[in-house]
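In our numbering, the protein residues as written are 683 to 882. Beta carbons are placed, not taken as given, at the ideal position from N, Cα and C, and that holds for glycine. Predicted model, so just to flag it, every value in this text is computed and none were measured.
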């Protein structure tokens with residue numbers, strides 16, 4: 683495994699969203715190390731994407747989305763957090779939402795945080811995975827290429843993964859855009875069977 687780099691993230695957001703499938707999201711806190719393999723992502727475009735937080739322009743809440751590539755953009759929704767990877771050059775507001783993980787390390791700690799021992803439910807969904815890994819707003823803007831607190835490891839020899847492309851879910855506009863990437867057949871991804879059907 684190799685630590686993610688700015689060069690990896692400084693590409694079109696759709697490319698990064700696809701390339702992050704199979705990478706490992708890691709979080710080290712005082713409680714311990716937790717991690718999971720990324721099995722579901724969504725891309726949010728810098729232009730013409732009304733579902734992207736950057737659509738209204740930069741502000742205090744979404745500032746990290748316009749920052750340098752390879753930073754975390756952590757936002758709050760319904761009192762829970764979601765974590766994104768900022769992509770493309772500084773000043774361009776786009777990011778990849780990490781939607782689901784296959785739990786890897788620190789399962790016992792994840793179970794305590796989530797209050798469940800059902801493996802497939804620990805990190806199935808963007809708010810669940812941040813709860814399981816202990817990712818909060820204090821990590822908004824964190825450089826994920828530093829290898830501490832919050833980072834992503836990329837496989838040196840990426841395995842062949844069957845990736846399904848679907849419209850995004852959980853958005854109220856631009857929902858038809860084919861910008862969601864999931865590991866085909868994975869029981870750890872969010873969404874219904876219909877939502878996980880590939881685009882024809």
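Residue burial classification, residue 883 (beta-carbon count within 10 angstroms, cutoff 16): Given that the chain is displayed from residue 683 to residue 882, the structure contains no residue 883 and the question cannot be resolved.
Endpoints, the beta strand (DSSP E) within which residue 830 is located: Run containing residue 830: none; DSSP gives neither H nor E here.
Nearest residue (CA-CA) to residue 873, options 782, 699, 707, 725: Checked all of 782, 699, 707, 725; the closest Cα to residue 873 is 782.
Assigned secondary structure, residue 708 (DSSP; H/G/I helix, E/B strand, else coil): If DSSP states are grouped into helix, strand and coil, residue 708 belongs with the strands.
Buried/exposed call for residue 684, threshold 16 Cβ in 10 Å: With fewer than 16 Cβ atoms within 10 Å of its Cβ, residue 684 is classed as exposed.
Cutoff 8 Å; reference residue 715; Cβ partners in own chain excluding five residues on either side: These residues qualify, in order along the chain: 708, 709, 787, 788.
Exposed unless 16 or more other CB atoms sit within 10 angstroms - verdict on residue 855: Answer is exposed; the Cβ neighbour count stays below 16.
Which listed residue (743, 713, 829, 878) has its alpha carbon closest to that of residue 868: Of 743, 713, 829, 878, the smallest CA-CA separation from residue 868 is found for 878.
C-alpha gap between residue 804 and residue 712, whole angstroms: Approximately 20 Å, taken between the alpha carbons.
Buried/exposed call for residue 828, threshold 16 Cβ in 10 Å: In the assembly as shown, residue 828 is an exposed residue. Its beta-carbon has fewer than 16 other beta-carbons within 10 Å.
Beta-ladder partner(s) of residue 785, from DSSP: DSSP, once it has assigned bridges, lists 718 as partnering residue 785.
Buried or exposed (CB count within 10 angstroms, at least 16 for buried), residue 751: The residue is buried, with at least 16 neighbouring Cβ atoms inside 10 Å.
C-alpha distance - residue 698 paired with residue 778, whole-angstrom precision: Their Cα atoms are separated by approximately 7 Å.
Under the three-state DSSP convention, the category residue 772 falls into: Taken through DSSP and simplified to helix, strand or coil, residue 772 comes out as coil.
Through-space distance from residue 802 to residue 848, alpha-carbon basis: Residue 848 and residue 802 have their alpha carbons spaced roughly 21 Å apart.
Nonlocal neighbours in the same chain, by C-beta distance under 8 Å from residue 858, ignoring five residues either side: So the list reads 849, once near-sequence residues are dropped.
Cβ pair residue 871, residue 721 closer than 8 Å: Yes, the Cβ-Cβ distance between residue 871 and residue 721 is below 8 Å.
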